[in-house]
Amino acid sequence: MPVEKIIDFSPTAPSQKFTILLAGEVFGFHIYKSSRTQHWYLTISDFSGAPIVSGLKMTTLSVLHAPYISKKKDKLPEGWLWLWDTEGRARDPKGSELGNSIKFFFRDQSQ
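As structure tokens, then:
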């Protein structure tokens, strides 16, 4: 049965890096907001800090890393990274919405 996990971080910091355990593996995340577009982006790295996928635009209604799953399946977490708008408006996060009304989830598919 898949397990869902909310990925917590500070919605007020425009750039933050942290490590996280997903599907039994450690990954590095860099979440940052573009001052030009006001959109949030995600870079995923392996445990040593080497980037796997860079500059993923964080949008609702899609698996964030879907375009890379077939190419980098052996390097990405076994599961889905996605955003959920808790207010039901299916909007992309801007400002401090990401982490507040728009939640960041991981659904583990390794089990």
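The sequence shown begins at 920 in my numbering and counts up by one. Beta carbons: idealized from backbone N, C-alpha and C, even for Gly.
Mark residue i as exposed unless 16 or more other C-beta atoms lie within 10 angstroms of its C-beta, in which case mark it buried.
i	result
S964	buried
L1002	buried
F1023	buried
F966	exposed
F937	exposed
V972	buried
K952	buried
I988	exposed
L1017	buried
Leaving out five residues before and five after residue i in sequence, what residues of the same chain have Cβ atoms less than 6 Å from its Cβ?
i	result
Q957	K1013
L1000	L983, H984, F1025
P933	K952
Is DSSP giving residue i helix, strand or coil here?
i	result
P970	strand
Apart from the five residues on each side of it in sequence, which residues of its chain come closer than 8 Å, Cβ to Cβ, to residue i?
i	result
N1019	P930
Who does residue i pair with in a DSSP beta bridge?
i	result
H1032	Because the chain is modelled from 920 through 1030, residue 1032 falls outside the range shown and cannot be assessed.
E944	L941
R1026	E923, W999
I988	DSSP, once it has assigned bridges, lists no residue as partnering I988.
For residue i, which residues in the same chain have their Cβ closer than 7 Å to its Cβ, ignoring the five residues on either side in sequence?
i	result
K976	H958, Y960
A942	P996, E997, G998, D1027, S1029
I939	I926, F946, F948
I950	F928, Q935, W959, L961
Nearer than 7 Å: is that true of the beta carbon of residue i relative to any heavy atom of the ligand NAD?
i	result
G947	The ligand content of the structure shown is nil, which means the ligand NAD is not present either.
Subject >> Any 3 or more C-beta pairs closer than 8 Å across the segment 1013–1030 and the segment 981–999 >> reply: yes
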